[in-house]
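Following the numbering used here, the numbering of the sequence shown begins with 2 at its first residue and continues without gaps.
Quick reminder that beta carbons are idealized off the backbone N, C-alpha and C, glycines included.
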Amino acid sequence: MKYILVTGGVISGVGKGVIASSFGTILKHCGIHVTSIKIDPYINIDAGTFSPYEHGEVYVLEDGGEVDLDLGNYERFLDVTLHRDNNITTGKIYQHVISKERHGDYLGKTVQVVPHITDAIQEWVEKIAQNPVTEDGEQPEVCIIELGGTIGDIEGMPFVEAFRQFQFRVKKENFCCAHVSLIPQPRSTGEPKTKPTQSSVRELRGLGLSPDLILCRSEAPIGPSIKEKISNFCHVAPEQVITIHDLSSIYRVPLVMESQGVIEFLNCRLQLNIGPRSRYFMRKWTDLADRIEHLRKEVNIALVGKYTRLEDAYTSVSKALQHACIEAGYKLNLKFIESINLEENTKIKNPPLYHEAWHHLCKSDGVVVPGGFGKRGFEGKIEACRWCRLNDKPFLGICLGLQAAVVEFARNVIGLENANSTETDPATAHPVVIDMPEHNQGQMGGTMRLGKRPTRFITTNSVMKQLYGNKDHIEERHRHRYEVNPIYIKDLEVAGLKFIGHDDEKLRMEIAELEGHSYYVATQFHPEYLSRPLKPSPPFLGLILASVGRLKQFLASGCRLSPKQLSDNDSDTENICEDMKNLQTVDGSSRSGSTTSGGTNE
Ligand code: GLN
Numbered sequence: 002m003k004y005i006l007v008t009g010g011v012i013s014g015v016g017k018g019v020i021a022s023s024f025g026t027i028l029k030h031c032g033i034h035v036t037s038i039k040i041d042p043y044i045n046i047d048a049g050t051f052s053p054y055e056h057g058e059v060y061v062l063e064d065g066g067e068v069d070l071d072l073g074n075y076e077r078f079l080d081v082t083l084h085r086d087n088n089i090t091t092g093k094i095y096q097h098v099i100s101k102e103r104h105g106d107y108l109g110k111t112v113q114v115v116p117h118i119t120d121a122i123q124e125w126v127e128k129i130a131q132n133p134v135t136e137d138g139e140q141p142e143v144c145i146i147e148l149g150g151t152i153g154d155i156e157g158m159p160f161v162e163a164f165r166q167f168q169f170r171v172k173k174e175n176f177c178c179a180h181v182s183l184i185p186q187p188r189s190t191g192e193p194k195t196k197p198t199q200s201s202v203r204e205l206r207g208l209g210l211s212p213d214l215i216l217c218r219s220e221a222p223i224g225p226s227i228k229e230k231i232s233n234f235c236h237v238a239p240e241q242v243i244t245i246h247d248l249s250s251i252y253r254v255p256l257v258m259e260s261q262g263v264i265e266f267l268n269c270r271l272q273l274n275i276g277p278r279s280r281y282f283m284r285k286w287t288d289l290a291d292r293i294e295h296l297r298k299e300v301n302i303a304l305v306g307k308y309t310r311l312e313d314a315y316t317s318v319s320k321a322l323q324h325a326c327i328e329a330g331y332k333l334n335l336k337f338i339e340s341i342n343l344e345e346n347t348k349i350k351n352p353p354l355y356h357e358a359w360h361h362l363c364k365s366d367g368v369v370v371p372g373g374f375g376k377r378g379f380e381g382k383i384e385a386c387r388w389c390r391l392n393d394k395p396f397l398g399i400c401l402g403l404q405a406a407v408v409e410f411a412r413n414v415i416g417l418e419n420a421n422s423t424e425t426d427p428a429t430a431h432p433v434v435i436d437m438p439e440h441n442q443g444q445m446g447g448t449m450r451l452g453k454r455p456t457r458f459i460t461t462n463s464v465m466k467q468l469y470g471n472k473d474h475i476e477e478r479h480r481h482r483y484e485v486n487p488i489y490i491k492d493l494e495v496a497g498l499k500f501i502g503h504d505d506e507k508l509r510m511e512i513a514e515l516e517g518h519s520y521y522v523a524t525q526f527h528p529e530y531l532s533r534p535l536k537p538s539p540p541f542l543g544l545i546l547a548s549v550g551r552l553k554q555f556l557a558s559g560c561r562l563s564p565k566q567l568s569d570n571d572s573d574t575e576n577i578c579e580d581m582k583n584l585q586t587v588d589g590s591s592r593s594g595s596t597t598s599g600g601t602n603e
C-alpha cells in the first residue's frame, strides 16, 4: 500500500479537498485502485450533528455514515463507495482508545497521546486503507489521506505526530507528503508572495514531515521564477513545486496537476510502475472540462432552502444539478432562495425581500426544494411547492421537499386544513407526515433512517421509473426521521399524488409523482449523493430536461439524448478502460496484466 498524505498550510479553504481528490483521479486513470481517508481533527464522532452553517452539508455514505462533505468530492471524482471509517475524527480515535482502556487492554499502563493515540491513528489508517471501495472488490493500491485544517493547529498535532512515525513504519518508498499552500498576490503590487508558504513548510518540517510536493494555490497563474524561488527557499527541486491558479472549473485541477509532471514524480517517488501514457490519456476528463466551458444556453434553477447563506450547505445538490446540466448541454444558473422570504410574514416585515424572493422563484425554469430540518422556513417551502404545482413548473422535492409537497397537497387539494408534519406542528389535526416508529427519540447522533435502502417501483407508468432506466428497483441513500403517514396515502393518491416507489416492506413512501403535471416529482431519499460528473442522477436530469422543455422528447426516445450528446457522454468506466488499454507499456506488458491486443503503444 502506498500512502499520499495531503496537508494544508497558511489557511484552509483553498481547495485542499479538490487537490487531494485530483491525485486520486490522475492515479485512477493510470489504472491504479485508489482509496481515500479524510481526517477531521474535531472532537465530534461524526458530522451528523453539525449545523450546515458551520461546516456545509452533511454527506451521507452508503453505510449510513454521516461525514464531512469532502468525502463527497472523493466519491464523485473517483467514483468509489467509501465507508464511515474512511472519515477519522479525534472523537472516533479517543472513543476507540477509551473503550479499549475500559476493556482492560492497557492494564497497568498510563494511556497517553503518544504512543496510544498516535498508534491508534496509524493502525486505523493501515486497516481502512485495505478496504475495497470499487465494485470489482479489488484491494486499493494507493490511499490518499487528507488531513483537515492547517499545519500548526493544536487539534491536528496528534495526527501530524502519528504520520511522522508512520513514514518510518511503512518505509520511505510507500509514503509521501503533499503540502497545499497559498501564494497571495496582494492587489497593490500583484506580485506573488512566497513568505507564508516558506513559513508553513518550515512549520511542517519542524514537526518532522518533509513535503515531497508543494502545491501552490493562487488567484492568477504563477510564473517559473516564483516556482524557482519556492524551490530555493523551501528546499525542494523545482519539479516538486506544482502551481494551481483559480481555474474555470474544478475538473481542470487534475489536468493542470498532470501537466506539471505529478505522475512522473509519484511514479518515481512511490515506485508505482506506471507505464507510458497514450495521447488519449484522461481524454474524457478533458472533454468534460472543455464542455463546461463551452455551455452557452442557460437554465435557471431556483433552490428553495433554509441554509442559503452558505452555498456549501447544498454542495451535493448543486453538483447533481451541474452534472445533469452538463449532460443536457446547458449552463446552470442556480439561484438560492431563502424559503422564509416566501412567507406572508416576510411580506409584512420586509416587503422588498419577499418580492425579490418571489421574483426569483417566478423567473426560474425549474425548482428544487432540498432536504432540511426544523420549523423555520417550512411554510415558505410549502408555498414554493404550491406555486410549482399550480403553474406546471418543473419541481423536484428531496426528503423534506417531499414532505412539504405532501403537506401542501393535503391542505390545498384534499382540503385538510392545517395539515402538517409532526416535526413542525406536533399537535396538528392532520398529521400527514409523522415520526417513524423506529426513530430513537432522545438521542440526536446517528438515530435517523440512514444510508442505502432499496426503492421498488410499483407501476410501469412513471416518469421516474423511465428516468431510472425502467429498473424494477433502485438503491439510494437516506437521512430522515419522518415519513408520509400511511393512513393518508389513499386520499392523496385518489386526488392525484401517486406514490410510485415504496421500500421493500411497502411501508415507506419513497417517490411521489403528481398526475397531469409536466414534472412534479419528489423523493424521500437523497438522489444527489449518487450523482457523478459523467453519470448524472436521474431525478436531476429529469428536472433539467423538463425545465428546458426536452423531457418528453427524451422519454419518447427511450431516454436518449441527441446522438452528438450521446457520443460525448459515454460512461466514465469506458473512459478508464480506454486509458487502461492505452497504458500498455512499450514492451507490450500492461500494469493491469489484461491488456487486449487492441492496446496501442505510444
Ligand atoms: N426533517 C425531515 C426528516 O427528518 C427531513 C430530513 C431531510 O430532509 N434530510 O424526516
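The alpha helix (DSSP H) with residue i in it runs from where to where?
{"i": "Glu127", "result": "119-130"}
{"i": "Glu484", "result": "No alpha helix (DSSP H) contains Glu484, which is instead part of the beta strand (DSSP E) from 483-485."}
{"i": "Thr347", "result": "345-350"}
{"i": "Glu514", "result": "Segment 510-515 is the beta strand (DSSP E) holding Glu514; no alpha helix (DSSP H) there."}
{"i": "Tyr75", "result": "71-79"}
{"i": "Val635", "result": "A question about residue 635 goes unanswered here, because the residues of the chain that appear run from 2 up to 603."}
{"i": "Ala411", "result": "Careful: Ala411 lies outside any alpha helix (DSSP H) and carries neither H nor E."}
{"i": "Glu494", "result": "490-495"}
{"i": "His104", "result": "91-104"}
{"i": "Ala547", "result": "539-548"}
{"i": "Asn301", "result": "Here Asn301 belongs to no alpha helix (DSSP H); instead the beta strand (DSSP E) covers 299-306."}
{"i": "Ile231", "result": "225-235"}
{"i": "Leu253", "result": "The residue you asked about is not Leu; residue 253 is Arg in the sequence shown. 253-260 is the extent of the alpha helix (DSSP H) around Arg253."}
Taking just the CA atoms, how far does residue j sit from residue i?
{"i": "Gly18", "j": "Gly497", "result": "45 angstroms"}
{"i": "Lys466", "j": "Ser532", "result": "17 angstroms"}
{"i": "Gly49", "j": "Val59", "result": "6 angstroms"}
{"i": "Pro537", "j": "Ser200", "result": "42 angstroms"}
{"i": "Lys230", "j": "Val61", "result": "43 angstroms"}
{"i": "Asn421", "j": "Leu508", "result": "20 angstroms"}
{"i": "Asp64", "j": "Lys350", "result": "44 angstroms"}
{"i": "Gly9", "j": "Leu148", "result": "7 angstroms"}
{"i": "Val7", "j": "Ser22", "result": "10 angstroms"}
{"i": "His246", "j": "Glu220", "result": "5 angstroms"}
{"i": "Val68", "j": "Met258", "result": "27 angstroms"}
{"i": "Lys450", "j": "Leu28", "result": "Checking the sequence, you will find Arg at residue 450 rather than Lys. Approximately 35 angstroms between the Cα atoms of the pair."}
Of the choices the options, whose alpha-carbon is the least far from that of residue i?
{"i": "Met283", "options": "Val414, Leu79, Leu515, Gly9", "result": "Leu79"}
{"i": "Glu299", "options": "Lys307, Gly330, Gly306", "result": "Gly330"}
{"i": "Val495", "options": "Thr524, Asp473, Pro540, Ile415", "result": "Ile415"}
{"i": "Cys363", "options": "Asn342, Asn392, Ile99, Gly381", "result": "Asn392"}
If I follow the unbroken beta strand (DSSP E) through residue i, where does it start and stop?
{"i": "Val171", "result": "Per DSSP, Val171 belongs to no beta strand (DSSP E) and is neither H nor E."}
{"i": "Gly452", "result": "450-458"}
{"i": "His56", "result": "It is not in any beta strand (DSSP E) - His56 instead sits in the alpha helix (DSSP H) that spans 53-56."}
{"i": "Cys400", "result": "First-last for Cys400: undefined, no H or E at that position."}
{"i": "Glu147", "result": "143-148"}
For residue i, which three-state DSSP category applies?
{"i": "Tyr521", "result": "strand"}
{"i": "Thr198", "result": "helix"}
{"i": "Ala329", "result": "helix"}
{"i": "Leu183", "result": "strand"}
{"i": "His479", "result": "strand"}
{"i": "Cys178", "result": "strand"}
{"i": "Tyr4", "result": "strand"}
{"i": "Glu579", "result": "Unreliable placement is indicated for Glu579, whose pLDDT of 44 sits below 50; no coordinate value is reported for it."}
{"i": "Pro371", "result": "coil"}
{"i": "Asn421", "result": "strand"}
{"i": "Cys560", "result": "coil"}
{"i": "Arg188", "result": "coil"}
{"i": "Gly207", "result": "helix"}
{"i": "His295", "result": "coil"}
Residues in its own chain within less than 7 angstroms of residue i by CB, not counting five upstream and five downstream?
{"i": "Ile46", "result": "Thr90, Gly92, Lys93, Gln96, Gly446"}
{"i": "Gln323", "result": "Leu333"}
{"i": "Ile435", "result": "Thr423, Tyr483, Glu484, Asn486"}
{"i": "Arg165", "result": "Leu208, Gly209, Leu210"}
{"i": "Arg170", "result": "Gln123"}
Who are the Cβ neighbours of residue i in its own chain at under 8 angstroms, not counting the five residues just before and after it?
{"i": "Ser250", "result": "Ala290, Ile293, Glu294"}
{"i": "Asn419", "result": "Arg412, Asp426, Thr429, Ala430, His431"}
{"i": "Leu296", "result": "Cys326, Ile327, Gly330, Tyr331, Lys332"}
Beta-carbon within less than 6 angstroms of residue i's beta-carbon, same chain only, minus the 5 sequence neighbours each way: which residues are those?
{"i": "Gly502", "result": "Thr456, Phe458, Glu511, Ile512"}
{"i": "Phe555", "result": "Leu546"}
{"i": "Val11", "result": "Ser182, Leu183, Pro197, Ser201"}
{"i": "Glu380", "result": "Glu344"}
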